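Data first, discussion second: the structure below is written as structure tokens.
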Amino acid sequence: MKPFTVSFILLFSITCTVFSQNISHSIGLDYSKKNLTGYFFKIDSTTNLIELNNIETGSKKSFELHYAIKYLNLYEYGIGVKRYPHYGMIYTLNNKIFISPFFLSKQSRVNIYIPISIECYYTNNTYVPKKRNIYIESANFGIGSSINLLKKLSVQIELRKEYCSTYNVFIKPYLQFCISYNWGKNKEE
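Just so we're aligned, residue 100 is where the sequence shown starts under the numbering used here, counting upward by one.
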């Protein structure tokens, strides 16, 4: 089921980009602070064994740089890179489904959307045979709002809940802030 879902999202994204003139682009910087408790499983790259490491109770801050493509003011997808304390670089696949255009007849300065993200990390263990190099770290979703301050500048705030696959941890719902610069224009603007 997971490979089918990921394949469908990628195919839909490529189709929207290739066959549509109604796209706009954005680049942004996200900040989030997560409160977590628990432990995580880490795979040792030299011995190929799973280690159990404790995570101290507290908060973890992260910054993410992302690039996104928005299609018809309804759907946005993108990729991001952020630094994470346990694994180093985390790569994210971000999707946003905008709700506001279904209820408003014209474009508004304030938009409400549903963010869905999948976080992956990459390890380069070429000397270990049959070892996976890409791991899915977590998936999260929530509800968000964006405010267009200027024509090309917007600020987003999201309330997210995260579910982890590589470690057993409880993460409270958290806020994520973003500032982004947009370019490109939709035909209806």
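The C-beta atom is built at its ideal place from N, Cα and C for all residues, glycine as well. Please read all numbers here as calculations on a predicted model, not as lab measurements.
Supposed contact pair residue j and residue i - C-beta distance, whole angstroms, cut 8 Å
i, j, result
"Ile215", "Asn194", "5 Å"
"Gln275", "Ser158", "Actually they are not in contact, since the Cβ atoms of Gln275 and Ser158 sit about 13 Å apart, beyond 8 Å."
"Tyr273", "Lys181", "Going by Cβ atoms, the distance from Tyr273 to Lys181 rounds to 14 Å, so no, they are not a contact pair."
"Leu128", "Cys277", "7 Å"
"Asn210", "Phe197", "6 Å"
Start-to-end residues for the beta strand (DSSP E) that takes in residue i
i, result
"Ser279", "Tyr273 to Trp282"
"Ser253", "Leu252 to Cys263"
Alpha-carbon to alpha-carbon, residue j and residue i
i, j, result
"Ile246", "Glu257", "12 Å"
"Gln255", "Phe240", "15 Å"
"Leu252", "Ser199", "18 Å"
"Ile217", "Glu175", "14 Å"
"Asn121", "Ala238", "28 Å"
"Ser204", "Leu171", "14 Å"
"Ser207", "Ser279", "17 Å"
"Gly283", "Thr145", "47 Å"
N- and C-terminal bounds of the alpha helix (DSSP H) containing residue i
i, result
"Ser86", "The chain is shown from 100 up to 288; residue 86 falls before or after that span and cannot be answered."
Which listed residue (the options) has its alpha carbon closest to that of residue i
i, options, result
"Ile126", "Leu192, Ser204, Ala167 and Asn239", "Ala167"
"Ser161", "Tyr190, Tyr170, Tyr212 and Glu175", "Tyr190"
"Ile235", "Gln206, Leu203, Tyr262 and Leu164", "Tyr262"
"Ser123", "Lys260, Ser279, Thr145 and Lys169", "Lys169"
"Lys271", "Lys260, Gly241, Ile198 and Pro200", "Lys260"
"Met188", "Leu164, Ile211, Leu252 and Ser244", "Leu164"
"Ile213", "Gly243, Gln206 and Phe202", "Gly243"
"Leu249", "Lys205, Asn281 and Cys219", "Asn281"
"Cys219", "Thr145, Gly283, Lys205 and Leu192", "Leu192"
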